[in-house]
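First up is the structure itself, then whatever we jot down about it.
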Amino acid sequence: MNSNSLLALTGQSWKLVAGVVLLLAGSIAPLFEASGMSWTVGTVVACVGYAFTLLAVRCPGCGSRWFWQAALDAGLYAPIFKGSACPACKRDYRDGG
Ligand SMILES: [Zn+2]
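If you read the sequence shown in our numbering, its first letter stands for residue 275, the second for the next number, and so on.
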């Protein structure tokens, strides 16, 4: 992951990782009987992972939920992953905020 991304600069990369892990686990684990995870549980786990990422990743400055906003406007993914400033309040975190 780009260490200069907005997520890394604000220390929130782990939230994306955790959400993706849950999303994948809930989507894939039910395929394997040995996992003991039913499709119902898998769907819940996947939804929780997705919702967690949408709701937990926020701008430390203005509280804007970046992935929630990006879900509504896909053009915001670029600044979240490549930029260093909040798309909402324009606060730049490259120099520690
Ligand atoms: Zn902001």
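Glycine residues also receive a C-beta, built at the ideal position from the N, C-alpha and C atoms. Quantities reported herein were computed from a predicted structural model and do not represent experimental measurements.
1) Less than 8 Å between C-beta atoms, sequence neighbours within five positions excluded: which residues of the same chain meet that for Val294?
2) In angstroms, rounded to a whole number, what distance separates the CA positions of Ala362 and Val315?
3) So what does DSSP say about Ala282, is it helix, strand or coil?
4) Would you list the one or two residues that DSSP bridges to Arg332?
5) What does a CB cutoff of less than 6 Å around Trp342 pick up in its chain, not counting 5 residues either side in sequence?
6) Where DSSP assigns a beta bridge to Asp366, which residues make up the other side?
7) Secondary structure at Val294, three-state DSSP: helix, strand or coil?
8) Expressed to the nearest angstrom, what Euclidean distance is found between the alpha-carbon atoms of Leu346 and Trp340?
9) So, are the CB atoms of Phe355 and Ser279 less than 8 Å apart?
10) Alpha carbon to alpha carbon, how far is Leu290 from Ala330? Give it in angstroms, no decimals.
Considering the structure as presented:
1) Looking up residue 294 in the sequence shown gives position 20. Result list for Val294: Gly323, Thr327, in chain order.
2) Residue numbering aside, residue 362 sits at position 88 when the sequence shown is read from its first letter. Residue numbering aside, residue 315 sits at position 41 when the sequence shown is read from its first letter. Cα to Cα, the separation comes out at about 35 Å.
3) For the purposes of this step, residue 282 is taken as the residue at position 8 of the sequence shown. In the structure shown, Ala282 sits in a helix (DSSP, three-state: H, G or I).
4) The residue labelled residue 332 in the question sits at position 58 within the sequence shown. Paired residue(s): Arg339.
5) Reading the sequence shown from its first residue, position 68 is the one you call residue 342. Closer than 6 Å at the Cβ level, and outside the excluded window around Trp342, lie Leu328.
6) As a working note, residue 366 is residue 92 in the sequence shown. Paired residues: Ala359.
7) By 1-based counting over the sequence shown, the position of residue 294 is 20. Reduced to three states, the DSSP call for Val294 is helix.
8) What you label residue 346 is simply residue 72 of the sequence shown in a count that begins at 1. What you label residue 340 is simply residue 66 of the sequence shown in a count that begins at 1. Each residue's Cα considered, the two are about 10 Å apart.
9) Residue numbering aside, residue 355 sits at position 81 when the sequence shown is read from its first letter. Residue numbering aside, residue 279 sits at position 5 when the sequence shown is read from its first letter. For Phe355 and Ser279, yes; Cβs fall inside 8 Å.
10) Along the sequence shown, read from residue 1 onward, the residue named residue 330 stands at position 56. Along the sequence shown, read from residue 1 onward, the residue named residue 290 stands at position 16. Between Ala330 and Leu290, the C-alpha separation is close to 9 Å.
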